[in-house]
Structures are given as structure tokens and as C-alpha cells.
Amino acid sequence: MQGVIVAETGYRVVVEIADQIKKKLQLLQPARVELLNESQLHAGPASDSHFKLTLVTDQFDGQPAVKRHQAVYKILQEELAGPVHALALHLYTPEEWESEKQVPESPQCAGKNTYKSTS
Amino acid sequence: MTTEANTENSVETVIQDQINNNPIILYMKGNPNAPQCGFSAQTVQILMACGQKFAYVDILSNPDIRANLPKVSDWPTFPQLFVDGELVGGCDIMVDMYQKGELKTLLDESAASRGEVTEVAEDVEGNAQV
Chain A
54 MQGVIVAETG YRVVVEIADQ IKKKLQLLQP ARVELLNESQ LHAGPASDSH
104 FKLTLVTDQF DGQPAVKRHQ AVYKILQEEL AGPVHALALH LYTPEEWESE
154 KQVPESPQCA GKNTYKSTS
Chain B
2 MTTEANTENS VETVIQDQIN NNPIILYMKG NPNAPQCGFS AQTVQILMAC
52 GQKFAYVDIL SNPDIRANLP KVSDWPTFPQ LFVDGELVGG CDIMVDMYQK
102 GELKTLLDES AASRGEVTEV AEDVEGNAQV
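Those sequence lines, one after another, are chains A and B.
Under the working numbering, the first residue of the first sequence is numbered 54, with each subsequent residue one higher.
Under the working numbering, the first residue of the second sequence is numbered 2, with each subsequent residue one higher.
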């Protein structure tokens, strides 16, 4: 579905951040957007900080992975500088998505000093 | 005053030197024996599995590098892997490439171009991690 977003959380602030991210990502004219709050995988009070994004757009045609990620990072510059500490990205062209349709698991952030990981 | 700008420039020079002088270098949280983040831990595991020597920088103990590398690499998060001076990517890209066998190929080719076969992680000062 066009622009579908899934934010699995009870926290209003997360919904707001997710909405903000979703709005900005429309720049990429995505055929599919899924945003998952994975903060529960991480130690510490990180209820709204760790996300996993799956995005499918034909704008990624012919672009290497690094360029795709940089395009998303640029759009979400503010969020990454602020509340979002980790953003796992799984970025596909429509053709790639048709053949994969499965997104890898994110790692658990175990141990101490980890809640501000990957900022 | 230009002091701050100069410091920033020198940190960027240090980063460029590290990237240029270490053909396989990982910027990570913690060190390979004690990664301080799940994403860093996963990338270390992958690099170890690929079997080539790699350098690393612990950005938690190098706050200047942590603050400035994202500007140099145009990449806001950690870990970050560079091979032969080029940004390969972070954890997601490394996992994806590893699963496709592309990462091992890339690292093997990089090492082969230097005639290397060692399998030890070193920090940028050259202290081997056992």
C-alpha cells in the first residue's frame, strides 16, 4: 500500500516522530514504507530512539547501497541529530523487494552503556 | 577566532589519515573484544568471519572523531566500515553484503592487493587485540 507506516508503540511521542519521519520520506515517493519502533531491543530508557525502516522506491534504481542510505540520512538529518539514536535501513527498488520481501532482524543492544547506541 | 575551526580541520585530517593508512578500518563503539553496541558487535563478528586483518577506532573513547567523522563520511551513525579509502557502509549494508558473499570478496581482494593474509584486529595505534 502507498505510504503505509507501522509504528508499534504506546508512546505518543514515538507516533509523532514516526509521523514526522513518514512525512519527510514522501520526498522519495516510496511505494512502501514500514517504520518499526525497536527501542525495546535496547538497554536503558530508550523508548523512542531505535527504529527500523523498510522503504521501497524506484528512485533507488541503479544506486549503490551507500548512496541509498545517504539519501535517507540526508532527509532525516534533524531526527538523527536529535531523538533518533539508531535507524536500521532496508532500502529496495520495487524489483528487489519483489524478490526479497523479507527484512533482516536487528541486533539486540545488550550490556551497559548501550542505550545511546548508534547516534 | 579560528581555534575551533583549526581543531575541526585537524580532526578531519586525522580521520582522513586513518582511512587512507588503514585499508580496512571499522569505526565502532567499544573494541572488538568488548563492543558497546549490538550493531558494532554484529559488524565485528562479520569482519572476524571474513578473516582479514582490520583496524578499528573506538569512537566512545575518541569523542572528537565521533563528532567529526559523520561530516567527513556523510554518514551519521556508527559503526562505519571503510575499505581502501571508500565508505562501504554501516551494519545493515555489511550484513547484506556478508550474506551475499560480497563482503568477504571485497575484503579478500583488498588484502590480496597488498599480499596480506593475517587475521588479527588492530587498533589504529597498532596494538593487536588478543
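By construction, the Cβ of each residue, glycine as well, lies at the ideal position given by its N, Cα and C atoms.
Just so it is clear, the structure is predicted and the values come from calculations on it, not from any experiment.
Checklist line | Per-residue DSSP class, three states only, for ASP59(B) | finding: strand
Notebook entry, point to check: By how many angstroms is the C-alpha of ILE26(B) removed from the C-alpha of ALA141(A)?
Noted result: 21 Å
Notebook entry, point to check: Given a threshold of 16 other Cβ atoms within 10 Å of its Cβ, counted over all protein chains shown, does LYS105(A) qualify as buried or as exposed?
Noted result: buried
Check: Leaving out five residues before and five after LEU133(A) in sequence, what residues of the same chain have Cβ atoms less than 7 Å from its Cβ?
Finding: TYR126, LEU140
Notebook entry, point to check: In the structure shown, what three-state DSSP assignment does PHE40(B) receive?
Noted result: helix
Notebook entry, point to check: Can you tell which of GLY31(B), PRO24(B), GLU13(B), CYS51(B) has its C-alpha closest to the C-alpha of GLU103(B)?
Noted result: CYS51(B)
Notebook entry, point to check: Using a Cβ cut-off of 7 Å, which residues of the stretch 60-81 of chain B contact any Cβ in chain A, in chain order?
Noted result: ASP75, TRP76, PRO77, THR78, PHE79
Margin query: Quick check on LEU88(B) - is its C-beta less than 8 Å from some C-beta in chain A?
Written below: yes
Next item on the list: Mark GLN43(B) as exposed unless 16 or more other C-beta atoms lie within 10 angstroms of its C-beta, in which case mark it buried.
Entry: buried
Notebook entry, point to check: Can you give the beta carbon distance from MET29(B) to PHE83(B), rounded, assuming they're within the 8 Å contact cut?
Noted result: The Cβ separation is near 12 Å, so there is no contact.
Item checked: Candidates ALA35(B), ILE20(B), VAL45(B): closest to SER62(B) by CA position -> ALA35(B)
Check: How would you label PRO64(B), buried or exposed, when you count the other beta carbons within 10 angstroms and need 16 or more for buried?
Finding: exposed
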